[in-house]
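Numbering (this note's numbering), first residue to last: 6 to 187.
We put the CB at the ideal spot given by N, CA and C, even for glycine.
Being a predicted model, the structure only gives us computed values, none of them experimental.
1. If residue 165 and residue 98 are in contact, beta carbons under 8 Å, what's the gap, nearest whole angstrom?
2. Go ahead and pull the three-state DSSP assignment for residue 69.
3. State the Cα-Cα distance for the pair residue 171 and residue 83, rounded to the nearest angstrom.
4. With a threshold of 7 Å between beta carbons, is residue 36 in contact with chain C?
5. Give a yes or no on whether the C-beta atoms belonging to residue 95 and residue 176 are separated by under 7 Å.
6. What separation, rounded to the nearest whole angstrom, lies between the Cα atoms of residue 41 and residue 60?
7. Just to confirm, is the Cβ distance from residue 169 to residue 106 under 7 Å?
8. Taking Cβ to Cβ, would you say residue 173 is nearer than 7 Å to residue 102?
9. My output table needs one value for residue 123: the three-state DSSP class, helix, strand or coil.
10. Would you grab the beta carbon distance between residue 16 and residue 24 for me? Rounded to a whole angstrom, and I think it's under 8 Å.
11. If you draw a straight line from the alpha carbon of residue 51 to that of residue 35, how long is it in whole angstroms?
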């Protein structure tokens, strides 16, 4: 009560509007002091609640980490399957190309064998140029001669083989690059 005596002496020196303002400030301070701690306790968590919240967050973090690991594993597996499928298709292409290559090599050998006896040529003109009759005794022999026509050497198999070699090199390089990336 002694405190209120001093407060009343202090307030007696104030004017009426200053007294009202001082009383309002005093009332506000009392409300804050009395209600403040209970309000702060209501909005804050105690140590046990903090520990529980931390445990929940750790569980969620572990759950999300496991989910991320699972999704990463699926992604890697799908990428590997896709790459394996591409490599398998390229191997099939190489096998098919090798079959074509072997067939062309066989054709090339056949053509070369023929060219040893007679060249692989496509005659442009094969019409007879002159007819001659030769009389030998009672027998008449007709001789036909033809002029050598310009010949075109067919090099299509060689060009095809070179083209296939280029394709094969490109595919093999692509396979090597993909193996190096994995």
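Concretely, from the data shown:
1. The Cβ separation is near 16 Å, so there is no contact.
2. helix
3. 31 Å
4. Going by chain labels, chain C is absent from the structure shown, which holds only one protein chain.
5. yes
6. 29 Å
7. yes
8. yes
9. Confidence in residue 123 is poor, its pLDDT being 44 and thus under 50, which makes the residue's placement too unreliable to answer from.
10. 5 Å
11. 25 Å
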